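Residue numbers (my numbering): 1 to 614. Right, one structure below, let's go through it.
Written out as structure tokens, the structure is:
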């Protein structure tokens, strides 16, 4: 009996020893995991803090340099000089904190290169400004936006560094969860051993406190991440506001430049004067193209790029494109041909405006890089896909071609095949990127093949629905109606910019159109109380009362259904929808296209009357 008791006691002691060893192992493992997770949290907080410092340094570099370049005021250089030295120190500190991560070190190496480029570029422009060299070149350096592009690249790299750290945080949270599983096993083991329950409670109590501390730190890190997200959203809103403001400030004078050059070209001028007018108009249109490209990118990024679903004919669209682009091709003595296969359906449903934009971008690019030979645009039907007809388009040129190793980058924004391409041929490097995104957003694909010094072939396909009804083309030109019809209208122009007022009055006077002018929305409302108007041409940005406020009062307080056309220099994503939601009937962006404006006035005021009389 005694021997049996001793055996039982020995077994129990052995079992208790093994259990205690298990307890010690599990406790050690939990403590180690808690400490590792705590280290990750602390490092993540430090990385986020240093990233914010570097981003602030980059913004100080940009604002300080831009402020001095634009004003010549030396006080702007104080934050620039301070940021120049501080940003290198902050990058070195960030590299030290993340030294255990190969991915982070690669990002920081790229960050150093970009920051060095930013410093060299900014100091070069500052020196040129200080030495009073040709300020035209300095202004070009500002307008090309290179400084902002570099700052955006710095922001993207820092965002990647922060995302990597957040990934490590999430992994720490998973490990901490696994630690909880081991704790549960520990409870089961200690439950079998009554004499170690007290020790287990103490150990678990300490373990839970550590976990709560980690949980609090994790919550703090999540809060930091949410704050960083809000800051990014605020930065995006600031970017949108900046682009909208710049669009308005540039488009407003561009409206006068292009409008008056159009009117001047109709006058009897000497050859040299006519050439000067042509150059002014071409320069204005080139600048407007750059602005439109930037705004299109903004719309795509914001998810606000909308596509219409209206009937159109590829053959008819090719005819208008041929007329539109033939002038540029003829100037360079190039052949330009648009052809269609017989199997192209006569009637399709889709967005002809965006298709026009895609083809103009690609053909314009082909004309730019072709010195001799021709450009051919061809359309054909290849197959049906998900109940839609896929239309294949090819643009073939005999231009300079593209290096094989550059083809994969040709559709990237701000990228051109060679670094000297921009200097020699001009352009923003956005046209092909926009074309690619417009094709893909409509469910299509785009590609390119090329041979150096022989030419390139851009191919893209878009699925369209075949129209089951007869195609009704609603496009209309001034020749399709009598301008005397419009001369019977009483028009109210609400505009504060004197150049734009003079332009509209000059344009309307050619056709004897009657127009009154109100310099802001408040004056417009007073004039409406005293006169009867058929239509209002409403600018959006004005002092005292802007176009948005005036329209709201006209619709809600005056209860008037008068036709209102918004004429705005804003062309950001959602601007058209905003105007229509306020109760405006139509929308045209500046610079104003006279033919389009007359068409919209006619459609709103006289179309129904003409159809009834017909």
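The beta carbon of each residue, even a glycine, is placed where N, CA and C say it ideally should be. The structure displayed is predicted, hence computed values, not measured ones.
**Prompt:** What do you get for residue 419, buried or exposed, if any count of 16 or more other CB atoms within 10 angstroms of its CB means buried?
**Reply:** Low confidence applies here, because residue 419 scores a pLDDT of 48, under 50, leaving its location unreliable; read the following figure in that light. By the 10 Å Cβ count, residue 419 comes out exposed.
**Request:** Determine the closest residue to residue 597 out of 579, 551, 542 and 535, with distance taken between C-alpha atoms.
**Result:** 535
**Message:** Considering just the uninterrupted stretch of the alpha helix (DSSP H) at residue 318, what are its terminal residues?
**Reply:** 314-331
**Request:** Give me the Cα-Cα distance between residue 77 and residue 71, rounded to the nearest whole angstrom.
**Result:** 11 angstroms
**Message:** Taking its Cβ as the centre, do 16 or more other Cβ atoms sit within 10 Å of residue 487, making it buried, or is it exposed?
**Reply:** exposed
**Prompt:** Once you ignore the five residues that flank residue 319 on each side, which residues in its own chain have a CB closer than 8 angstroms to its CB?
**Reply:** 338
**Item:** Neighbourhood of residue 512 by C-beta distance below 6 angstroms, restricted to the same chain and skipping five residues each side
**Value:** 487
**Prompt:** For the candidate residues 112, 65 and 375, whose alpha-carbon lies nearest to that of residue 130?
**Reply:** 65
**Message:** Per the DSSP calculation, residue 518 is bridged to which residue(s)?
**Reply:** 494
**Message:** Helix, strand or coil, according to DSSP, for residue 417 in the structure here?
**Reply:** At residue 417, the pLDDT of 46 sits below 50, so the modelled position is not reliable; the number obtained from the coordinates is stated separately. In the structure shown, residue 417 sits in coil (DSSP, three-state: anything other than H, G, I, E or B).
**Prompt:** Considering only C-alpha positions, which residue in the set 151, 93 and 524 is nearest to residue 491?
**Reply:** 524
**Prompt:** With 16 other CB atoms within 10 Å as the buried threshold, where does residue 551 fall?
**Reply:** buried
**Item:** residue 392 in three-state terms, based on DSSP
**Value:** strand
**Prompt:** What are the boundary residues of the alpha helix (DSSP H) that residue 366 is part of?
**Reply:** 352-368
**Message:** So, with DSSP's three-state summary, where would you put residue 157?
**Reply:** helix
**Prompt:** For residue 53, does the count of other Cβ atoms within 10 angstroms reach 16, so buried, or fall short, so exposed?
**Reply:** buried
**Asked** Out of curiosity, what's the CA-to-CA distance linking residue 163 and residue 91?
**Response** 17 angstroms
**Prompt:** DSSP on residue 385, reduced to helix/strand/coil?
**Reply:** strand
**Prompt:** How far does the alpha helix (DSSP H) with residue 87 in it reach, from first residue to last?
**Reply:** 77-97
**Message:** So the candidates are 85, 149, 160 and 125; which of them puts its Cα closest to the Cα of residue 48?
**Reply:** 160
**Request:** Please state whether DSSP places residue 231 in a helix, a strand or coil.
**Result:** helix
**Prompt:** Looking only at its own chain, which residues have a Cβ that is under 6 angstroms from the Cβ of residue 400, when we skip the five neighbours before and after it?
**Reply:** 369
**Asked** What are the boundary residues of the alpha helix (DSSP H) that residue 462 is part of?
**Response** Residue 462 -> not in any alpha helix (DSSP H); beta strand (DSSP E) instead, spanning 455-466.
**Request:** Specify the secondary structure class of residue 598 as computed by DSSP and reduced to three states.
**Result:** helix
**Prompt:** Could you check where the beta strand (DSSP E) with residue 336 kicks off and where it finishes?
**Reply:** 335-340
**Asked** Between residue 516 and the rest of its own chain, which residues show a CB-CB distance below 6 angstroms, the 5 nearest in sequence each way excluded?
**Response** 492
**Request:** May I ask which residues mark the beginning and end of the alpha helix (DSSP H) holding residue 123?
**Result:** 102-130
**Asked** Between the Cα of residue 306 and the Cα atoms of 461, 69 and 577, which residue gives the shortest distance?
**Response** 577
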